[in-house]
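*Asks:*
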Ligand SMILES: *Cc1c(COP(=O)(O)O)cnc(C)c1O
């Protein structure tokens with residue numbers, strides 16, 4: 183399957199946006215990676231082509247039955263001009279886990295990673311280098327077969343698009359207000375909550391809209407069965423620091439196994455800070471606050487890295503965490519992870535993968 187990647191050159195390149203206006207997911211680079219799949223041929227025709235709209239059959243199964251999965255990772259430019267990725271092999275593995283759950287074909291992880299590196303190299307001028315910025319990489323796969331029967335499709339497309347993204351926060355991490363959701367659920371055990379499939383995000387919008395209407399930034403999701411145990415915050419994993427110890431919900435089949443989550447756990451172990459993965463009820467969190475032991479709460483994910491929580495509202499019971507200030511540990515983890523990602527700190531875990539070195 184080690185195939186040559188074809189290249190179709192574009193005549194006129196786009197004008198690059200100002201770093202200040204980047205935001206998230208608003209701009210796309212000049213080229214994209216595309217590859218097709220047919221059950222009789224396997225994956226074929228890998229190519230880097232000008233970024234452009236797609237033509238799809240209206241009966242393409244993705245529109246009707248939702249076989250669509252994705253990944254999200256970032257490329258960083260370090261001060262000395264190294265372009266690097268953060269644990270990309272984890273994203274490749276998770277892409278295949280998502281495919282497996284949705285009855286979609288497996289990809290060759292090494293090949294896709296090499297294709298992503300080639301695309302990044304083609305688009306190296308699109309990687310911003312200011313503090314907090316990066317090039318967001320979005321690989322995704324969806325069913326393209328024109329067929330209205332309900333069964334796994336026999337044809338798919340894999341694309342990788344790139345989007346320069348700005349600093350998630352300005353100069354400092356901003357604690358956010360979180361609404362604990364009791365009416366809507368994100369995912370159920372036995373369902374698809376543990377993989378990155380499009381439908382999960384469609385299903386989350388209603389609750390998110392409701393939270394925003396009430397002045398909350400994100401949802402804290404509880405388990406779908408008992409409405410009792412903490413699962414995730416928005417589309418991030420969640421951590422609590424209680425009386426000097428850190429806890430995060432144990433992966434149970436409805437929680438997404440985040441790369442950032444895994445990295446935070448490894449980092450805490452490395453620092454000899456106690457960290458446990460376990461079932462945590464929302465009641466326990468509020469009880470810890472009552473005892474004055476709830477020290478920090480933060481979400482983790484590729485986009486924000488660390489997102490401190492300043493307030494939790496559970497059915498009208500409102501608690502504030504660390505007086506809306508960023509916790510010391512949250513800040514330390516953020517500095518360490520972003521330091522490693524941006525090549526400013528030692529990487530004792532060998533998490534970064536070099537793509538190339540460019541002139542700065
Ligand atoms: C992507 C995602 C995360 C975070 O995963 P990372 O690999 O750390 O970016 C957490 N929860 C959900 C629901 C997600 O989609």
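Numbering (my numbering), first residue to last: 183 to 542.
Think of the CB as a built atom: it goes at the ideal place given N, C-alpha and C, for glycine as much as any other residue.
(1) Over what stretch of residues does the alpha helix (DSSP H) that includes residue 243 continue unbroken?
(2) With respect to 7 Å, is the separation between the Cβ of residue 436 and the closest non-hydrogen atom of ligand 1 below this value?
(3) Measuring straight from C-alpha to C-alpha, what distance separates residue 349 and residue 313?
(4) Pop quiz: residue 206 and residue 301 are said to be a contact at Cβ under 8 Å. What is the actual Cβ separation, rounded to whole angstroms?
(5) From this set, 487, 377, 391, which residue's C-alpha is nearest residue 433's C-alpha?
(6) Figure out for me which residue from 278, 258, 269 has the closest Cα to the Cα of residue 303.
(7) Do three or more CB pairs link the segment 482–496 to the segment 355–369 at distances below 8 Å?
(8) Taking only the alpha-carbon atoms, compute the straight-line gap between residue 373 and residue 191 and give it to the nearest angstrom.
(9) For residue 362, which of helix, strand or coil comes out of DSSP?
(10) Return the residue from the list 523, 333, 407, 455 that minimises the CA-CA distance to residue 244.
(11) Report yes if the C-beta distance between residue 526 and residue 264 is below 8 Å; otherwise report no.
(12) I need the straight-line Cα distance from residue 410 to residue 462, nearest angstrom please.
(13) Bridge partners for residue 220 per DSSP, in chain order?
(14) Please determine whether the Cβ atom of residue 417 lies at a distance below 7 Å from any heavy atom of ligand 1.
(15) Do residue 323 and residue 281 have their beta-carbon atoms positioned less than 8 Å apart in this structure?
(16) Residues bridged to residue 539 by DSSP?
(17) If residue 416 and residue 521 are in contact, beta carbons under 8 Å, what's the gap, nearest whole angstrom?
(18) How about residue 242 and residue 328: do their beta carbons lie closer than 8 Å?
(19) Per the DSSP calculation, residue 431 is bridged to which residue(s)?
(20) Between 428, 439, 286, which lies nearest to residue 453 when the distance is taken from Cα to Cα?
(21) Who are the Cβ neighbours of residue 540 in its own chain at under 6 Å, not counting the five residues just before and after it?
(22) Just curious, the beta strand (DSSP E) that residue 480 is in, first and last residue?
(23) Report the option in 289, 211, 197, 485 whose CA atom is closest to the CA atom of residue 338.
(24) Note down the Cα distance separating residue 516 from residue 251, rounded to an integer number of angstroms.
(25) So the candidates are 509, 318, 227; which of them puts its Cα closest to the Cα of residue 204?
(26) Give me the residue from 466, 267, 357 with the minimum Cα distance to residue 504.
(27) Alpha carbons only, please: which of 455, 459, 460 is nearest the one belonging to residue 514?
(28) In whole angstroms, give me the CA-to-CA distance for residue 369 and residue 211.
*Replies:* Taking the definition as stated:
(1) 243–247
(2) no
(3) 7 Å
(4) Actually they are not in contact, since the Cβ atoms of residue 206 and residue 301 sit about 19 Å apart, beyond 8 Å.
(5) 377
(6) 258
(7) yes
(8) 42 Å
(9) strand
(10) 333
(11) no
(12) 8 Å
(13) 224, 337
(14) yes
(15) yes
(16) 264
(17) In fact, because the Cβ distance is near 24 Å, the residues do not count as touching under 8 Å.
(18) yes
(19) 460
(20) 428
(21) 263, 306
(22) 476–483
(23) 289
(24) 28 Å
(25) 318
(26) 357
(27) 455
(28) 33 Å
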